[in-house]
Amino acid sequence: MDSSFVKYFKKYDRLLLCLSIIFFSSNVFALESKSFTLENGLQTVLVREPKAPVVVTQVWYRIGAVDELDGKTGLAHMLEHMMFQGTKKLAPSEFSKIVSRNGGNDNASTAHDYTNYWIKLSSDRLELALELEADRMQNLRLQESEFKSENLVVQEERRSRVENRPTARFFEKFRKTAYGDHPYSRPVIGLMDDVKGHTLADLQNWYKSHYAPDKAVLVVVGDIEFEHTEKLVEKHFSALKHSQSSKRKPLPALPVRQEPIRFDMQDDRATLPHYYAGFFVPTFMMDDVDEAFALELLSAILGGDSSSRIYRKLVVEDKLAISAGSGYSGLSMGGEMFSLSAVPGNGVEFEQLEKALFAQVDKIINQPISERELQRAKNSLITSHLFAQDSIDRIAWLIGRLSSNNSDWKLLVEEYPKRVQKVTSQQIKKVAARYLQINRAAIGTLHP
Amino acid sequence: MSRYLSLFIVVLSLVLFFSKPIIVTAAWSPEVSRFNGPGGMQVYHVASDANPLVVVKLLVRGGSGYDPENKPGVANLVAWMFNEGGGDLDSEAFQEKLSYYGISLSASAGSDAMTVSMSTLSTHLDVAWSMMMDAMLKPKFAQADFDRAVAEEIASLKQAKEKPGSVAADALNREIFGNHPYGRPAKGSLSSISSITTADLEKYHDEVFRLPTMVLAVAGDITLKKLKKLTNDSFVQVNHLPSSLTPIPFAFTKTGKKSQHIELDVPQTAIRFGGVGINRHDPDYYAMVVMNQILGGGGFSSRLTKEIREKRGLTYGVYSYFSPLAAQGPFVIGMQTKTASVEESKKLIRHELKRMATQDVGSEELEDIKRYLTGSFPLNLDGLGKLAGTWGVIGFYNRGLDYLEMWPNRVREVSKKDIRRVARRILNFNRLHIVTVGRTP
Chain A
1050 MDSSFVKYFK KYDRLLLCLS IIFFSSNVFA LESKSFTLEN GLQTVLVREP
1100 KAPVVVTQVW YRIGAVDELD GKTGLAHMLE HMMFQGTKKL APSEFSKIVS
1150 RNGGNDNAST AHDYTNYWIK LSSDRLELAL ELEADRMQNL RLQESEFKSE
1200 NLVVQEERRS RVENRPTARF FEKFRKTAYG DHPYSRPVIG LMDDVKGHTL
1250 ADLQNWYKSH YAPDKAVLVV VGDIEFEHTE KLVEKHFSAL KHSQSSKRKP
1300 LPALPVRQEP IRFDMQDDRA TLPHYYAGFF VPTFMMDDVD EAFALELLSA
1350 ILGGDSSSRI YRKLVVEDKL AISAGSGYSG LSMGGEMFSL SAVPGNGVEF
1400 EQLEKALFAQ VDKIINQPIS ERELQRAKNS LITSHLFAQD SIDRIAWLIG
1450 RLSSNNSDWK LLVEEYPKRV QKVTSQQIKK VAARYLQINR AAIGTLHP
Chain B
53 MSRYLSLFIV VLSLVLFFSK PIIVTAAWSP EVSRFNGPGG MQVYHVASDA
103 NPLVVVKLLV RGGSGYDPEN KPGVANLVAW MFNEGGGDLD SEAFQEKLSY
153 YGISLSASAG SDAMTVSMST LSTHLDVAWS MMMDAMLKPK FAQADFDRAV
203 AEEIASLKQA KEKPGSVAAD ALNREIFGNH PYGRPAKGSL SSISSITTAD
253 LEKYHDEVFR LPTMVLAVAG DITLKKLKKL TNDSFVQVNH LPSSLTPIPF
303 AFTKTGKKSQ HIELDVPQTA IRFGGVGINR HDPDYYAMVV MNQILGGGGF
353 SSRLTKEIRE KRGLTYGVYS YFSPLAAQGP FVIGMQTKTA SVEESKKLIR
403 HELKRMATQD VGSEELEDIK RYLTGSFPLN LDGLGKLAGT WGVIGFYNRG
453 LDYLEMWPNR VREVSKKDIR RVARRILNFN RLHIVTVGRT P
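Order-wise, the sequence lines are chains A and B.
Every number in my numbering is 1049 more than the matching position in the first sequence, counting from 1.
Every number in my numbering is 52 more than the matching position in the second sequence, counting from 1.
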């Protein structure tokens, strides 16, 4: 075996030691990382993960759909598409051609909170990726002809993702009902009329105001050497200028309700009924991360897998639902919806389903959670977390996601197992009682 | 929202392991060892102790291509129920134990193979391994669990009818393969599923999980010695006799309608072109890899992407792919576009097919594609799941231990003439079917 394949730094040593004593009393494991900020404000995180001769670069811009204006939804995403359409140096579409010619892949994504770009290639081509990203951070050339056809592409993307899909159309409208005037109510891809109305000037303003080193985070993970990589980052990014525009506007608070808000949609094109209840909850991106950890476990116990309470009771025992579960990602910067959802079985009314779902919430609040059940939820979260570490893309993604929110990425990468392990059933009951109240919920039903 | 459609890359991972590049350079290669387990089964060991994790892939001849003729969907249900109990544990206890130890265990039915996937922390490998063996040797198939599986699959078949892409894919498959096993719906139909019983599942499970065609690939934090011991101790209990299931026939007797439109009230139409492609052992395999990449392969500005997406903005994603199976698998081109652009898009696809079959590709174009194919190899092997999956497929289709090493050279050897030859053969209009699903313009 080649020596580069032997781990220079055994990040799991302590973890393994603990595993052999008590199940998952894991403490910490550390990535080999280095962080620094260039004078122009570019925040950079490097992680050495030499198990394969591959590297991924991700550039996270602190800009997303929440920063758009009503009537101009979809602009962040439209610009993401245009970031591949030429710079002062590169012809339209040449960006991806160069990456491909060098055996690499690239793509990008836009969400409410961020816009993210990545390139993955053989680690000996790292400099190329950095050069390309630095170039389009400041030298993008937005042209009418490319914009016209790319705008049509985005319209087709919207048809594929939303208009062709009954459940997606339902969720878009449900989201609007739940979030009201909050920026999270907007569809990231944009409303069709808004997308059709984008102009080149809109994009130029957007790019000029939001694309700059001090508004971005660069993450590099893979088979790299720190000193060399740091030099390359400086070489390609340090000449870029700090932005002139003001700081990002803080998000307003999520709406608080005294009674549930309901949204019912009938759709002839839908084939299955859907029930969805959403509750606004805090996330790992906010001040009290203890609550976020408790919510993560609450979701695992309530509806995380086929051993979870909702699945066992609603799907297996009472046969009220074809599928049922809960959802929580914990990664939105301004709070998000914790969800309970189900597809009712034949002849089952939504009312009956709702009762059964909330009975499970009551049970969490009012009856004991067994040690075994709590530990099972913890084990399954921690194992998934460790498997995610096998992917350099996933490591880079978590680091970028948290850093672009100015949160400490170590919380969800290195400290995650320890923090999950510490959560008590009292904390879980507390967040369930505090947030999963029906009078605070937004409830949506889709009727075929 | 992303810039590129990437769903098909995930869906077709088995295909793309091979339509994508794989190089084992001298500078980087996790050590791979091959040995024979009980009953002639093949075992691959990929050493990688970077993380305390183990991933197992077990492939065996089976899958939807071996469904009983009048009951498509049996293989899919057997796979669905693979983790629904085993040994002394019923479904609930089995699932609880998997979850408690953080073990992931499941099965999936492909066209040629049933694949069992297991992943675990290396500390729990013994527990995970014995649960995998229990699921295989002593499955439960309890009626209540079976009913739940059927209910969920029926719901998913119903929901698939909302999606023009799924409707088009099913229809195209029928037209390409007719009565051949590849032409049957892999997940069954609403009527076939209702006729399946637990007895059908038991019979199929018993016929499929046999040693002679089994391939086990294990990657991660496990020594070769440990793997040999685990394999020899446990697989000796698996049935040694060859399966009596009829092998997939090589011949195709029927070809369906040239062109059909299925009405569905959606704003965007799914367009599919498709025909019979090549099998895994076809001498033109490498020419096909390169030709497909130029025409509509992922991760690059293919000709179809350039003409249909970049120049004209007619679609979010257009792609081509081929599945080199035990017998000739499908070759497919797919895209979605608004109703008004369907005819124009079909014309553009036809034009590109003809161009590929009648004109040589450009020298620079060919060189760029080869550089992409050979250069992006390590990207496909940078995780345990990818390593175990790749070696499992290599073993299943008997591609040899040097397969990855030879891959780049064979891609480099493909000439313009080879590409035209394979294009003339596969992109022949007389052999292609066209399906559209959407509104009538």
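Ideal Cβ positions, reconstructed from N, Cα and C, are used throughout, including at glycine.
Chain B places a beta carbon closer than 8 Å to that of G1394 (chain A), counting this residue as a contact. For S1429 (chain A), at least one C-beta of chain B is nearer than 8 Å to its own C-beta. Note on geometry: alpha-carbon atoms of V1330 (chain A) and G1135 (chain A) lie some 41 Å from one another.
Going by beta carbons, M387 (chain B) and L479 (chain B) fall outside the 8 Å limit. The C-beta separation of Y1233 (chain A) from G1493 (chain A) comes to about 15 Å, leaving the pair out of contact by the 8 Å criterion. Selection B:L456, B:F325, B:I245 evaluated against E121 (chain B) yields B:I245 as nearest (Cα-Cα).
If you ignore the 5 residues before and after V1203 (chain A), its C-beta comes within less than 8 Å of the C-beta of G1123, H1126, M1127, H1130, I1238, G1239, V1244, all in its own chain and listed in chain order. Per DSSP, the continuous alpha helix (DSSP H) segment holding W1446 (chain A) begins and ends at 1441–1452. Nearest to R1207 (chain A) by C-alpha distance, out of B:G114, B:T265, B:V318, B:Y371, is B:V318.
Shown here for Q1476 (chain A): same chain residues with a beta carbon closer than 6 Å to its own, the five before and five after excluded, namely A1343 in chain order.
In terms of Cβ geometry, G272 (chain B) and R483 (chain B) do not form a close pair [threshold 8 Å]. For G1376 (chain A), same chain residues with a beta-carbon under 6 Å away, outside a window of 5 residues either side, are S1388 in chain order.
Each residue's CA atom was taken as its position, placing V1104 (chain A) and R1450 (chain A) some 18 Å apart. Per DSSP, H1285 (chain A) is one residue of the alpha helix (DSSP H) stretching across 1275–1286. Contact fails between the segment 1341–1358 of chain A and the segment 1288–1299 of chain A, because fewer than three Cβ pairs, one in each stretch, are under 8 Å apart. Rounded to the nearest whole angstrom, the CA to CA distance from G452 (chain B) to V84 (chain B) is 12 Å. When only Cα atoms are considered, K239 (chain B) and S1456 (chain A) end up about 45 Å apart. Sequence-distant partners of S218 (chain B) (beyond 5 residues in either direction) whose C-beta falls short of 6 Å from its own C-beta, in its chain, are A212. Cβ-Cβ distances below 6 Å link D1313 (chain A) to T1494 in the same chain, with the five nearest sequence neighbours on each side left out; the list follows chain order. Annotation: the continuous beta strand (DSSP E) that includes S1375 (chain A) extends over 1370–1376.
Only those residues of the segment 202–216 of chain B whose C-beta falls short of 7 Å from the nearest C-beta of chain A are listed: A203, E204, A207, K210, Q211, K213, E214, P216. Contact annotation, W1446 (chain A) with S1452 (chain A): C-beta distance approximately 11 Å; criterion of less than 8 Å not satisfied. Here E1088 (chain A) carries a coil assignment [DSSP, helix/strand/coil]. In chain order, P1331, V1480 place their CB closer than 6 Å to the CB of E1340 (chain A), counting only its own chain and leaving out the 5 sequence neighbours on each side. Between the C-alpha atoms of E1117 (chain A) and M1382 (chain A) there is a straight-line separation of about 16 Å. What N1151 (chain A) touches in chain B, judged by beta-carbon distance under 9 Å, is R423, Y424, G427, S428, going in chain order. By the CB criterion at 8 Å, T391 (chain B) and S397 (chain B) fall outside the cutoff. Your pair A1491 (chain A) and T1226 (chain A) checks out as a contact, with CB atoms roughly 6 Å apart and the cut at 8 Å. Taking C-alpha positions only, L242 (chain B) is separated from L157 (chain B) by approximately 27 Å. DSSP places P191 (chain B) within a strand segment (E or B) once states are collapsed to three. With a cutoff of 8 Å on beta-carbon distance, A1405 (chain A) and K1368 (chain A) are scored as not near each other.
Chain-order list of chain B residues neighbouring T1432 (chain A): G154, L173, by C-beta distance under 7 Å. Restricted to the segment 1087–1140 of chain A, the beta strand (DSSP E) segments that are unbroken, complete and at least 3 residues in length are 1092–1097, 1103–1110, listed in chain order. In the DSSP secondary-structure assignment, E1463 (chain A) is not bridged to any residue. The beta carbon of N103 (chain B) sits closer than 8 Å to some beta carbon of chain A.
Assigned with DSSP and collapsed to three states, L436 (chain B) falls in helix.
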